[in-house]
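Visitor: Line order of the protein sequences matches chains E and F.
Just so it is clear: in the first sequence, position 390 is 389 by numbering that gives the first Met the number 0, and no numbers are missing.
Just so it is clear: in the second sequence, position 14 is 13 by numbering that gives the first Met the number 0, and no numbers are missing.
Have a look at this one.
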Amino acid sequence: MLVQIAWRNIWRNKMRSFVVIGSVTLGIWAGIFILAFSWGLYQSNIRDSVYKQLSHIQIHHPKFRVEKDSKFFISNTDKILDSLHSDKRILAASSRVISTGMISSPTTASGVKILGVDPPSEAKQTGLNENVIDGSYFDSGKDNEILIGQKLAKKLKVKLRSKVIVTFVNIDSEMISAAFRVGGIYRSKNTSLDEENVYVLKDHLRELLNLKPAESNEIAILLKNEEDLKAVKNYVAGLVPTGKVEDWKELSPELGLVIESFNLYTYLISGIILLALIFGIINTMLMSILERVRELGMIMAIGLNKRKLFSMILLETLFLTLIGCPIGLLMGWLSIEYFGEYGINISRFSEGLSSYGFSSVIYPALDNQKYAIVAIMCVITSLLAAIYPAYRALQLNPAEAIRKI
Amino acid sequence: MAKTIIDAHNVSKTYNPDKVPVKAVKEVHLHIEEGEFVALVGPSGSGKSTLLNMIGGLDDPTSGSVIIDDVEITELSENKLIDFRLHNIGFVFQSFNLIPVLTAKENVGFVLQLQKFDKEKREKRVMELLKEVGLEDKVNTKPGELSGGQQQRVAVARALASKPKIVLADEPTANLDSKAAANLMDIMSKLNEEEKITFLFSTHDQRVIKKARRVITLVDGKIDSDEEQTPSEE
Numbered sequence: 000m001l002v003q004i005a006w007r008n009i010w011r012n013k014m015r016s017f018v019v020i021g022s023v024t025l026g027i028w029a030g031i032f033i034l035a036f037s038w039g040l041y042q043s044n045i046r047d048s049v050y051k052q053l054s055h056i057q058i059h060h061p062k063f064r065v066e067k068d069s070k071f072f073i074s075n076t077d078k079i080l081d082s083l084h085s086d087k088r089i090l091a092a093s094s095r096v097i098s099t100g101m102i103s104s105p106t107t108a109s110g111v112k113i114l115g116v117d118p119p120s121e122a123k124q125t126g127l128n129e130n131v132i133d134g135s136y137f138d139s140g141k142d143n144e145i146l147i148g149q150k151l152a153k154k155l156k157v158k159l160r161s162k163v164i165v166t167f168v169n170i171d172s173e174m175i176s177a178a179f180r181v182g183g184i185y186r187s188k189n190t191s192l193d194e195e196n197v198y199v200l201k202d203h204l205r206e207l208l209n210l211k212p213a214e215s216n217e218i219a220i221l222l223k224n225e226e227d228l229k230a231v232k233n234y235v236a237g238l239v240p241t242g243k244v245e246d247w248k249e250l251s252p253e254l255g256l257v258i259e260s261f262n263l264y265t266y267l268i269s270g271i272i273l274l275a276l277i278f279g280i281i282n283t284m285l286m287s288i289l290e291r292v293r294e295l296g297m298i299m300a301i302g303l304n305k306r307k308l309f310s311m312i313l314l315e316t317l318f319l320t321l322i323g324c325p326i327g328l329l330m331g332w333l334s335i336e337y338f339g340e341y342g343i344n345i346s347r348f349s350e351g352l353s354s355y356g357f358s359s360v361i362y363p364a365l366d367n368q369k370y371a372i373v374a375i376m377c378v379i380t381s382l383l384a385a386i387y388p389a390y391r392a393l394q395l396n397p398a399e400a401i402r403k404i
Numbered sequence: 000m001a002k003t004i005i006d007a008h009n010v011s012k013t014y015n016p017d018k019v020p021v022k023a024v025k026e027v028h029l030h031i032e033e034g035e036f037v038a039l040v041g042p043s044g045s046g047k048s049t050l051l052n053m054i055g056g057l058d059d060p061t062s063g064s065v066i067i068d069d070v071e072i073t074e075l076s077e078n079k080l081i082d083f084r085l086h087n088i089g090f091v092f093q094s095f096n097l098i099p100v101l102t103a104k105e106n107v108g109f110v111l112q113l114q115k116f117d118k119e120k121r122e123k124r125v126m127e128l129l130k131e132v133g134l135e136d137k138v139n140t141k142p143g144e145l146s147g148g149q150q151q152r153v154a155v156a157r158a159l160a161s162k163p164k165i166v167l168a169d170e171p172t173a174n175l176d177s178k179a180a181a182n183l184m185d186i187m188s189k190l191n192e193e194e195k196i197t198f199l200f201s202t203h204d205q206r207v208i209k210k211a212r213r214v215i216t217l218v219d220g221k222i223d224s225d226e227e228q229t230p231s232e233e
């Protein structure tokens, strides 16, 4: 009976109830969509980082990432790569020779990371060839070809076919200067890396560094399925016992932090929206109670105890919120499904965002757990919103309430 | 000799005792026996509603005690008092008597549901009562679609639903025209005789007073007169 009365009570003032339901719906939808958009933004950043830069797993000499010195290399990388290529869980694997140094043009110089790559393997590994916007992707067949980022090209004031000098230290700690000709200019989604990374042929760099064939500084492994990460990592650790095997979260801890901070962000955004809704719901329920003082006095007089009166007000608030909540969740889900498929183009703002590695088309996404969190927070909100109006109703004295004009 | 069902002993009520004290009821002694049909009369502000509220356990007396059917209700805890009211006292108020979102049938059945009557017994009792008050054709009608008189008849049916020991009615005819008022009083009188339920109602309507078998007059919070009379058949 209380359920029936509470349900009918919320429809006594349809307009007011629809306003509350509408605000709950919009609030939940907006919250869900903001979360999905943010997650889409982060996810694209993480995906780009993994598929275009880091790969899922990397193997280095244990000291290489700290010292950043080419003399810390892995031996027998050809054999290791053969084993990796034969594993069906692995999509691509390639080795790189890496050094750090200085690139100079006739006008200026800049510090760079020099990556010696095998062009076909790197194309499969990171799609580097797709980023070339001017020139070619190591098509000249010459050893001294270098691929530089657009931002670095602007900084050095060099063009295609320009000559640059790259200076670095070989494994014997001797200073080496080598002339390269710009064969291609690339632009990736992460412009800060475009200024930092230059690509040359692996064998040529290996020769300049005085490394032997099959000696490399890095092996990158891209998986077919992210779920195999742990198993493949263990397998690789067994394959290269002297190397340090790290997954993308260890290689780029800030990406792992993004995921963790997003969970906090979920609670924060949902909390702020629902907090704003609480006041709207409390206001509506208080109005509803103040309008019904005599009626509430009467039902208390004829025998409705305080516990049941509290339950009735609680149910009314729950109904109001719980009608809006699923509609908001559904609207959120539908819009996320749509934009998750077609994406949201933010190219107008992407110039700034790309400095941080963000893509210009965002595909909103949200896992089921986040929907559940929002739904649970919605129920908690309605319970919290019910407390004060219900408390006010409990304060009524039947005799006084009945006399109220 | 009939049993005393209402025993108000030296009951007083003072509003705003700490600020500007207003003595609404002053040391009232009242004994009403089982099955009586009593009118509590007096001018506005004489303390009728306050006395009824104290007898019904809706308000606490400042001093004195109220005993209903051998239970001193002024000593009961809040929850026990609510439960006592539910099982022993029926109320009819001047207005806002019914729950607007429920039909006549649901309004009458409400107190029975609070008492956890099973559905079959509840339906039977509700239909009996609505027939008694002449509203068997309005069972599924909501209060907003009923006239003032019909609403008060539903309220009387609800007050009687759980077969209470007493029914307290605070100016039940105040908002009714004379025909509806007479009709309501006839129904109350009939139910008093048939179901042997004690009725105590406040009024200042002379036509209603004539229907009572005992008339207690309150003036300035004190009982001025207490007389038995033969009810008028008009």
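Think of the CB as a built atom: it goes at the ideal place given N, C-alpha and C, for glycine as much as any other residue.
Going by other Cβ atoms of all chains shown within 10 Å of its Cβ, with 16 needed for buried, is E/His55 buried or exposed?
Guide: So E/His55 counts as buried.
Visitor: Around the Cβ of E/Tyr185, are there at least 16 other Cβ atoms within 10 angstroms (buried) or fewer (exposed)?
Guide: It counts as buried.
Visitor: Closest by CA to F/Gln205, which one among F/Thr172, F/Glu32, F/Phe83?
Guide: When each option's Cα is compared against that of F/Gln205, the closest is F/Thr172.
Visitor: Are any of the Cβ atoms in chain F nearer than 8 Å to that of E/Glu294?
Guide: So, interface residue.
Visitor: Please state whether DSSP places F/Ala168 in a helix, a strand or coil.
Guide: Strand, per DSSP.
Visitor: Using CA atoms only, rank isn't needed, just tell me which of E/Ser191, E/Gly39, E/Ile89 is closest to E/Gln57.
Guide: Looking at the Cα atoms, E/Ile89 is the closest of the given residues.
Visitor: Buried or exposed: which applies to E/His407, given that a residue is buried once 16 or more other Cβ atoms fall within 10 Å of its Cβ?
Guide: Given a span of 0 to 404 for chain E in the structure shown, any question on residue 407 of chain E remains unanswerable.
Visitor: Please report the straight-line C-alpha distance between E/Phe72 and E/Met174, rounded to a whole angstrom.
Guide: Approximately 18 Å between the Cα atoms of the pair.
Visitor: Considering just the uninterrupted stretch of the beta strand (DSSP E) at F/Arg213, what are its terminal residues?
Guide: Its beta strand (DSSP E) spans residues 213-218.
Visitor: Starting from the beta carbon of F/Phe92, find every residue of chain E whose beta carbon is closer than 7 Å, and list them in chain order.
Guide: Those within 7 Å of F/Phe92 in chain E are Met297, Ile401.
Visitor: Using the Cβ count rule (16 or more neighbours within 10 Å means buried), how would you classify E/Ser215?
Guide: Burial call: buried.
Visitor: Measuring straight from C-alpha to C-alpha, what distance separates E/Phe36 and E/Ile361?
Guide: Going from the Cα of E/Phe36 to the Cα of E/Ile361 covers about 7 Å.
Visitor: Does the distance from the CB of E/Lys307 to the CB of E/Leu1 come in under 8 Å?
Guide: Yes, the Cβ-Cβ distance between E/Lys307 and E/Leu1 is below 8 Å.
Visitor: According to a CB-to-CB cut-off of less than 7 Å, which residues of the stretch 26-53 of chain F neighbour chain E?
Guide: Cβ contacts with chain E: Asn52.
Visitor: Cβ of E/Ala398 less than 8 Å from any chain F Cβ?
Guide: So yes, E/Ala398 belongs to the interface.
Visitor: Please report whether the beta-carbon of F/Leu75 lies at a distance below 8 Å from any beta-carbon of chain E.
Guide: It does not; no Cβ of chain E falls within 8 Å.
Visitor: Compare the Cα-Cα distances from F/His86 to each of F/Lys178, F/Gln112, F/Lys137, F/Asn9 and report the closest residue.
Guide: Among F/Lys178, F/Gln112, F/Lys137, F/Asn9, the Cα nearest to that of F/His86 is on F/Gln112.
Visitor: Using a C-beta cutoff of 8 Å, does E/Ala300 count as contacting chain F?
Guide: With 8 Å as the cut-off, E/Ala300 counts as an interface residue toward chain F.
Visitor: Measure from the alpha carbon of E/Gly323 to the alpha carbon of each residue in E/Val373, E/Lys158, E/Phe179, E/Leu83, then state which is nearest.
Guide: Ranking E/Val373, E/Lys158, E/Phe179, E/Leu83 by Cα distance to E/Gly323 puts E/Val373 first.
Visitor: Rounded to a whole number of angstroms, what is the C-alpha to C-alpha distance between E/Leu200 and E/Trp28?
Guide: Their backbone Cα atoms lie some 51 Å apart in a straight line.
Visitor: Can you list, in chain order, the residues of its chain with a C-beta nearer than 6 Å to that of E/Asn8? Leave out the 5 residues immediately preceding and following it.
Guide: Counting only Cβ-Cβ distances below 6 Å, and skipping sequence neighbours, we find Glu315.
Visitor: Classify F/Ala23: buried if its beta carbon has 16 or more other beta carbons within 10 angstroms, exposed otherwise.
Guide: It is buried - the Cβ of F/Ala23 has at least 16 other Cβ atoms within 10 Å.
Visitor: So which residues of chain F does E/Leu313 contact, with C-beta pairs closer than 8 Å?
Guide: Going along chain F, no residue has its Cβ under 8 Å from E/Leu313, so there is no contact; the nearest lies around 17 Å.
Visitor: Name, going along the chain, the residues of the stretch 96-116 of chain F whose beta-carbon falls closer than 9 Å to a beta-carbon of chain E.
Guide: If the cut-off is 9 Å between Cβ atoms, the stretch 96-116 of chain F has Asn96, Leu97, Ile98, Pro99, Val100, Leu101, Glu105, Gly108, Phe109, Val110, Gln112, Leu113, Gln114 near chain E.
Visitor: Take the Cβ of E/Ile280 as the centre, count every other Cβ of all protein chains shown within 10 Å, and call the residue buried at 16 or more, exposed below.
Guide: The residue in question, E/Ile280, is buried, as its Cβ has 16 or more Cβ neighbours within 10 Å.
Visitor: Mark E/Thr106 as exposed unless 16 or more other C-beta atoms lie within 10 angstroms of its C-beta, in which case mark it buried.
Guide: Exposed is the call here.
Visitor: Assign F/Val19 to one of two classes, buried (16 or more other C-beta atoms within 10 Å of its C-beta) or exposed (fewer than that).
Guide: Exposed, since its Cβ has fewer than 16 Cβ neighbours within 10 Å.
Visitor: Beta-carbon within less than 6 Å of E/Ala91's beta-carbon, same chain only, minus the 5 sequence neighbours each way: which residues are those?
Guide: Once the five neighbours on either side are set aside, the close Cβ partners of E/Ala91 are Lys123, Gln124, Leu221.
Visitor: Exposed or buried, what is F/Phe200 when buried is set at 16 or more other beta-carbons lying within 10 Å of its beta-carbon?
Guide: Flag for F/Phe200 reads buried.
Visitor: Check whether the stretch 100-108 of chain F and the stretch 182-191 of chain F touch, using three or more Cβ-Cβ pairs below 8 Å as the test.
Guide: These segments do not touch.
Visitor: Output needed for E/Thr447: all residues of its chain with C-beta closer than 8 Å, excluding positions within five of it in sequence on either side, in chain order.
Guide: As displayed, chain E neither begins before 0 nor continues past 404, which places residue 447 of chain E out of reach and without an answer.
Visitor: Does any C-beta atom of chain F lie closer than 8 Å to the C-beta of E/Arg7?
Guide: Output row for E/Arg7: interface = yes.
Visitor: Can you name, in chain order, every residue of its own chain whose Cβ lies under 6 Å from the Cβ of F/Asn96, other than the five neighbours on each side?
Guide: Answer for F/Asn96: Ala154, listed in chain order.
Visitor: Below 9 Å on C-beta distance, what does E/Asn304 contact in chain F?
Guide: Going along chain F in sequence order, the residues near E/Asn304 (Cβ under 9 Å) are Glu77, Asn78, Ile81, Asp82, Leu85, Leu113.
Visitor: I'd like the list of long-range same chain contacts for E/Ala392, defined as Cβ closer than 7 Å, with 5 residues on each side in sequence excluded.
Guide: Once the five neighbours on either side are set aside, the close Cβ partners of E/Ala392 are Ile288, Leu295, Leu308, Ile312.
Visitor: How many angstroms separate the CA atom of F/Phe92 from the CA atom of E/Leu317?
Guide: The alpha-carbon atoms of F/Phe92 and E/Leu317 are separated by roughly 31 Å.
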